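Here's the structure, in structure tokens; my notes come after.
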Ligand code: BYC
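Numbering (my numbering), first residue to last: 9 to 323.
Structure representation (structure tokens):
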């Protein structure tokens, strides 16, 4: 039997559901595609802190403030796990953050929408974290070890966020007439953007075929989107709310909810930087990076000093 190539060996490892680890040989395209996806995922986590952070000082009670603060901190933690996973592939955190503020790297479209009422915080926890979980549960089986392991921890925390958001929505939906209207209004604005989080339809997705072959992605964009709709509509009904989709219906034969056409023009506008809050989000990140520079410099100088001291002692 002849020798198999590195590429074949790599694909065999993936086909038998073993993980690829940082020091393993991998094709350049696999590395690049993973850096792209993981860094965009990390950027989404930290940009995702902005619309929610907007409500920390205005949360309606101390309990709500504490839980929102904890959620936003969790998102920062998710960013850190993901940047660490990305760094094992050779791109530094600084380079990656530079790509975020220059627009070279994307982040999730959903965070370019404003949070204009308290109900939006409920809707984000319920729908946005809900959509993120559907995707991330599948990504726990992604072929790259550090990414898969980060996902396990992230999924646990996102499930808690989703429950927290649903509880806010339940209180509002079962509250006064004005509160119910606020909940319905948030659902109206966040429903379609949540469906867009899963990316373009399968026929227009550029990376899916290769990512599925390499098991970077385990399900297609449309499969994940359908799963999210199937899971979420019974929750909408429980809340006594309605989704802004006149075409939504349950197909009794397949058990799947069929939904109306997504406005792809809106999606592409948002991911090209023309959404309602793109400029504001990048400006906030740029400011944070500039103003936080001294903290990074101080931390680096401190750790260099510690290493020096350790080396001097050892000598
Ligand atoms: N927004 O070939 P495709 C969270 C881009 S949740 C912006 O299908 P792929 C959080 C795509 O990057 C959200 N851009 O791409 C939750 C590509 O452009 P490039 C984060 C999008 O990668 C609560 C082009 O469109 N989750 O963090 O195979 C609180 C063609 O698309 C979007 C993840 O990132 C979008 N929605 O599939 C706080 C999960 N969709 O790169 C935080 C990991 C597509 O060629 N990522 N594009 O310039 C994934 O699973 C996949 O990357 C996606 C897209 C399913 C999102």
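Even for Gly, the Cβ is constructed at its ideal location relative to N, Cα and C.
The structure displayed is predicted, hence computed values, not measured ones.
Check	Outcome
Residue 357 beta carbon near the ligand BYC (any heavy atom closer than 6 Å)	The chain is shown from 9 up to 323; residue 357 falls before or after that span and cannot be answered.
Whole-Å CB distance - residue 166 paired with residue 141, under 8 Å assumed	5 Å
Rounded straight-line distance, which links the Cα of residue 235 to that of residue 270	16 Å
4-residue-minimum alpha helix (DSSP H) runs that sit fully inside the segment 107-178, ordered along the chain	126-131, 137-147
Burial state of residue 199, where buried means 16 or more other Cβ atoms lie within 10 Å	buried
Reduced DSSP category for residue 259 - H, G, I as helix; E, B as strand; rest coil	strand
Host alpha helix (DSSP H) of residue 186 (start-end)	185-204
Inter-residue spacing [alpha-carbon to alpha-carbon] between residue 22 and residue 214	21 Å
Check whether residue 126 and residue 174 have beta carbons under 7 Å apart	no
Coarse secondary structure for residue 12, derived from DSSP in three states	coil
beta-carbon residue 136 near the ligand BYC non-hydrogen atom, thresh 6 Å	yes
Test item: CB-CB of residue 120 and residue 286 under 7 Å	yes
Beta-carbon gap between residue 146 and residue 226 smaller than 7 Å	yes
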